[in-house]
Amino acid sequence: MNKGPGIFEDIAKLAGSAASTLAGFRDEVETLVRQQLERLLAEMKVTPREEFEAVRDMAAKARAEQEKLEKRVAALEAELGVRPAGQSAKKTRRKS
């Protein structure tokens, strides 16, 4: 009546099989969730991080260049004695 070790071996095999089945199930669920999330983000037209960062960097570079050019234009206007854009002569009202 020595059935003890056989039962424990069967339980160990069953536990190992269950663990591998659960791991496979987890992988399958992760894949499905990832696919659904990617589909949802595509429908929402969300920009990937890499594209966003590239555009952000381009905007920062353009802003720096704009500031540099504004300073250059201001220096040239001062050199030529021209009023900066946006500043016009004072308008006087005539009394009729």
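Quick note on the working numbering: the sequence shown kicks off at 1 and runs consecutively. The beta carbon of each residue, even a glycine, is placed where N, CA and C say it ideally should be. No experiment lies behind these values; they were computed from the predicted model shown.
Starting from Lys45 and walking both ways along the alpha helix (DSSP H), at which residues does that stretch end? Lys45 -> no alpha helix (DSSP H), and no H or E assigned at all.
Proximal residues to Ala18 (C-beta, below 7 Å), its chain only, five neighbours per side dropped: If we look at Ala18 and ignore the five residues flanking it on each side, it has no Cβ neighbours.
Might you give, ordered along the chain, the residues of its own chain that have their beta carbon closer than 6 Å to the beta carbon of Gly6, omitting 5 neighbours on each side? none
Quick one, which of Met58, Arg63 and Ala62 has its alpha-carbon nearest Glu50's? Minimum Cα distance to Glu50 is reached at Met58.
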